[in-house]
Amino acid sequence: MMVNWENRKQKYIETIRRGRTKETVRGIQNRINMLTRWMQSKELSYEIYEQWLQWAFENYSYTSVNRAHKEIKRFVKWLKLPAYYELEFLRIPEKLPKIKTLSKEQLQTVIDWSLKQTGVNWRRRCAIYLLLLATSGMRAGECIRLKWDNWDESTHTFHLEDTKTGVSRIAAYSPQLTPHLKQWREDYAREKASPSIWVIPSLMYPGHHAKYTAIQIKINTRLKHVFDFHFTSKMFRSTMVQRIIDSGGRYEEAAAVVGHKDIGVTQKHYARIKMNQRSIDAHSNALKDIEF
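Here it is, written out as structure tokens:
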């Protein structure tokens, strides 16, 4: 029986596209492509999947195969293939890399630069984008889709309609940012002769929001000389979780801030940031009555 894996993949991508950036969707496609290109027109079985895993480990990094395996299991489950019930229990041990965060000095440097930007240009737009990420814990995809209609300046929050989890939520930012947001909206409307519905609008096409890649390329190239350290949009989320935990907050609170549906996701990924002083003290107390 000939199987059209390309058609299956495209239907799956259309289903999960909502709330994800183009870059995220492209990553999901690439991970599924690792299997579908190898499969060609064969139907999937446990034995064939084991052969693919052996091939994948010979041609890709451990991390790439592990990520592809997780995505493929979701894909196969969505297809309701019989093989899923065998693949469901197939585990590849994770080797999780250390999560990178920004130091207090680095975070302050980004904020200080952002607050100095004026006018209606790509620098000012990058500045608003960075200020929101730095003070809210939002995902990059959520940030670029912010709408003024969903802004509550009295509570210093945004209502996020499109999220990665598919569930809308409220995201708070620093109250000190509100005057800058108001000024940015007024400056943009005056410069363009009409307001935009987007907080992070496209400067060329006012009816659209900015593209993540357009902003990130500017940060990585045009602003490379401004900052003497490299950072990504995701590092602001990691930093927010770290600062919440270090200031005495709980993982439940951190999960609510960054928009995780399950606290287990927060614990799994962000507990790797560093061992805080409470953990070090608990470790010491566990061994205090042992003689060495």
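If you're matching positions, the sequence shown starts at 12 in the working numbering and goes up one per residue.
No residue lacks a Cβ here, since even glycine has one placed at the ideal position from N, Cα and C.
Bridge partners for aspartate 9 per DSSP, in chain order?
In the structure displayed, the chain extends from 12 to 303; residue 9 sits before or after that span and is not available.
Grouping DSSP H, G and I as helix and E and B as strand, with all else coil, what is proline 104?
coil
Alanine 266, enclosing beta strand (DSSP E) - first and last residue
Run containing alanine 266: none in the beta strand (DSSP E); it sits in the alpha helix (DSSP H), 262-269.
Can you find the residues in the same chain that come closer than 7 Å, C-beta to C-beta, to valine 36, ignoring five residues on each side of it along the sequence?
Ile24 and Arg28
Residues that DSSP places opposite proline 190 in a beta bridge:
For proline 190, which the question treats as bridged, DSSP gives no partner whatsoever.
Got a sec? Which residues, its chain only, sit under 6 Å from lysine 111 by beta carbon, not counting five neighbours each side?
Met246
Taking the beta strand (DSSP E) that alanine 225 falls in, what are its first and last residues?
Note, alanine 225: premise wrong, no beta strand (DSSP E); alpha helix (DSSP H) at 223-232.
Tell me, please, which residues DSSP counts as bridged to tryptophan 209.
Lys158
Can you name the start and end residues of the alpha helix (DSSP H) that arginine 248 belongs to?
244-257
Buried or exposed by the 16-neighbour rule on C-beta atoms within 10 Å, applied to proline 186:
exposed
Among Pro104, Gly148, Ala225 and Val131, whose alpha-carbon lies nearest the alpha-carbon of leucine 192?
Val131
Are there 16 or more other CB atoms within 10 angstroms of the CB of histidine 236, so buried, or fewer, so exposed?
exposed
Alanine 67: first and last residue of the uninterrupted alpha helix (DSSP H) it sits in:
57-70
Buried/exposed call for glutamate 202, threshold 16 Cβ in 10 Å:
exposed
Between alanine 145 and the rest of its own chain, which residues show a CB-CB distance below 7 Å, the 5 nearest in sequence each way excluded?
Leu118, Val121, Ile122 and Phe247
Do leucine 157 and isoleucine 211 have their CB atoms nearer than 8 Å?
yes
Can you say whether glycine 259 is buried or exposed, counting buried as having 16 or more other CB atoms within 10 angstroms of its CB?
exposed
From this set, Gln65, Gln21, Glu263 and Thr166, which residue's C-alpha is nearest asparagine 44's C-alpha?
Gln21
Going by DSSP, what residue range makes up the alpha helix (DSSP H) through alanine 138?
133-147
For alanine 182, which three-state DSSP category applies?
strand
Here's a check: name, in chain order, each residue in its chain whose Cβ is nearer than 7 Å to the Cβ of arginine 19, leaving out the five neighbours to either side.
Leu90
Would the region 161-176 and the region 93-100 be scored as touching if the rule is three or more Cβ pairs under 8 Å?
no
In angstroms, rounded to a whole number, what distance separates the CA positions of threonine 189 and valine 268?
18 Å
State the Cα-Cα distance for the pair cysteine 137 and histidine 167, rounded to the nearest angstrom.
20 Å
For arginine 78 and glutamate 197, what's the separation of their Cα atoms in angstroms?
44 Å
Who are histidine 220's beta bridge partners in DSSP?
Pro212
Between the CA atoms of alanine 151 and histidine 271 - distance to the nearest angstrom
14 Å
Please report the straight-line C-alpha distance between tryptophan 49 and tyrosine 140, rounded to a whole angstrom.
40 Å
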